[in-house]
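> Can you keep this structure in mind? I'll have questions shortly.
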Amino acid sequence: MCLLGLYGVGKTSLVRQFVYNKFEEKYLSTIGVNISKKSIELTNDFNENILLEFFIWDIANIEKFDTVTQSYLSGAHGAIVVSDILRESIIPQTIEYTNKFLEINNNSKIILVGNKFDLADKNSFDSDNYISKLSSLNLPFYFTSAKTGENVENVFHSLGKSLI
9 MCLLGLYGVG KTSLVRQFVY NKFEEKYLST IGVNISKKSI ELTNDFNENI
59 LLEFFIWDIA NIEKFDTVTQ SYLSGAHGAI VVSDILRESI IPQTIEYTNK
109 FLEINNNSKI ILVGNKFDLA DKNSFDSDNY ISKLSSLNLP FYFTSAKTGE
159 NVENVFHSLG KSLI
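Under this note's numbering, the first residue of the sequence shown carries the number 9, and numbering increases by one thereafter.
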C-alpha cells in the first residue's frame, strides 16, 4: 500500500505514528520513496483472525505522474491519500492524485485522510464542508492527527479490513 499527497501534508508522520508510535517535530521532506513494514491482526467477516503484513510505500511529493511514479504505484493493493486540513486549496490535487492512482490500480482500495486535525480551530473549522469537497470521490474519509495519533490506527485498520 502507498501514501500519496502533496509535500508537507504529513504522510511520513502518519507512517511513523502507525509503525513506530512516535512523532517527529522537525520536517524532513521525503526524497523518492521510504518503505516501512508492519504486521497487524484483523478479524474477517467469518470471525477468523487474519495476520496482515503491510508494506507501506511513503512516496515523495508527486508533481507529475511520470513513469517512475507510475512504477511506484503499479500493483499497490491500497492507498491512503493524505491532505492537510489547514490547506483547503490543495483539495483539487488530492482529488487528482486519487483519480490517477485509480487509473493505474482500478481495483485497489483507497482511504482519504484529512491530517493535522489537532491544529484545526474547533470553533471555526467546518468539517462537514471539508468532507463535502471530497464527496465526489465516494470514498471513506477520516480526520487524523499524526501528532496525537488520533484515528491513525483506524485508518490503517480500515484499509486492511477492506483488503481481506
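C-beta atoms are modelled at their ideal positions from N, C-alpha and C, and glycine is treated no differently.
For the region 41-70, list the beta strand (DSSP E) runs that are entirely contained and at least 3 residues long, ordered along the chain.
As far as the region 41-70 is concerned, its whole beta strand (DSSP E) runs of at least 3 residues are 41-51, 57-67.
> Rounded to whole angstroms, what's the CA-CA distance from V90 to L142? Just pull it up for me.
The residue you call residue 90 lines up with position 82 of the sequence shown. The residue you call residue 142 lines up with position 134 of the sequence shown. Their backbone Cα atoms lie some 12 Å apart in a straight line.
> Alpha carbons only, please: which of K46, G86, K124 is nearest the one belonging to L94?
Numbered from 1 along the sequence shown, position 86 holds the residue referred to as residue 94. The shortest Cα separation from L94 among K46, G86, K124 belongs to K124.
> What three-state label does DSSP hand F125 in the structure shown?
As a first step, residue 125 must be located in the sequence shown, where it is residue number 117. If DSSP states are grouped into helix, strand and coil, F125 belongs with the helices.
> DSSP beta-bridge partners for G86?
Translated into positions along the sequence shown, residue 86 becomes position 78. G86 is bridged to K117.
> Within the same chain, show all residues whose beta-carbon is closer than 8 Å to that of S116, passing over the 5 residues directly before and after it, in chain order.
To locate residue 116, count along the sequence shown from 1; it is residue 108. Within the same chain, S116 has close Cβ partners A84, H85, G86, A87, F109, L110.
> Tell me which residues share the same chain as T20 and place their Cβ nearer than 6 Å to its Cβ, disregarding the 5 neighbours each side in the sequence.
Locating residue 20 in the sequence shown gives position 12, where the first residue counts as 1. Around T20: T38, D66.
> By the three-class DSSP mapping on this structure, what secondary structure does F133 have?
Residue mapping note: residue 133 aligns to position 125 of the sequence shown, counting from 1. Coil.
> Could you tell me whether the region 143-160 touches the region 48-67, using the rule of 3 or more Cβ pairs below 8 Å?
The region 143-160 vs the region 48-67: no contact.
> First and last residue of the beta strand (DSSP E) that includes Y150?
Residue numbering aside, residue 150 sits at position 142 when the sequence shown is read from its first letter. Where Y150 is concerned, the enclosing beta strand (DSSP E) stretches over 149-151.
> Please name the residue, chosen from N107, Q25, T152, I58, that lies closest to N146 on a Cα-to-Cα basis.
For the purposes of this step, residue 146 is taken as residue 138 along the sequence shown, with counting starting at 1. For N146, the nearest C-alpha among the options comes from N107.
> When you compare the CB positions of V27 and A68, do they come within less than 8 Å of one another, or not?
Within the sequence shown, the letter at position 19 stands for residue 27. Within the sequence shown, the letter at position 60 stands for residue 68. No, the pair does not count as a contact, with Cβ atoms beyond the cut-off.
> Can you give me the Cβ contacts of I112 inside the same chain, cut-off strictly under 7 Å, excluding the 5 residues immediately before and after it?
By 1-based counting over the sequence shown, the position of residue 112 is 104. If we look at I112 and ignore the five residues flanking it on each side, its Cβ neighbours are Q78, L81, S82.
> If you follow the beta strand (DSSP E) that L12 is part of, which residue opens it and which one closes it?
If you number the sequence shown from 1, residue 12 lands on position 4. Element bounds for L12: 10-12.
> Helix, strand or coil, according to DSSP, for S170 in the structure here?
Your numbering for residue 170 matches position 162 in the sequence shown. S170 falls in the helix class under three-state DSSP.
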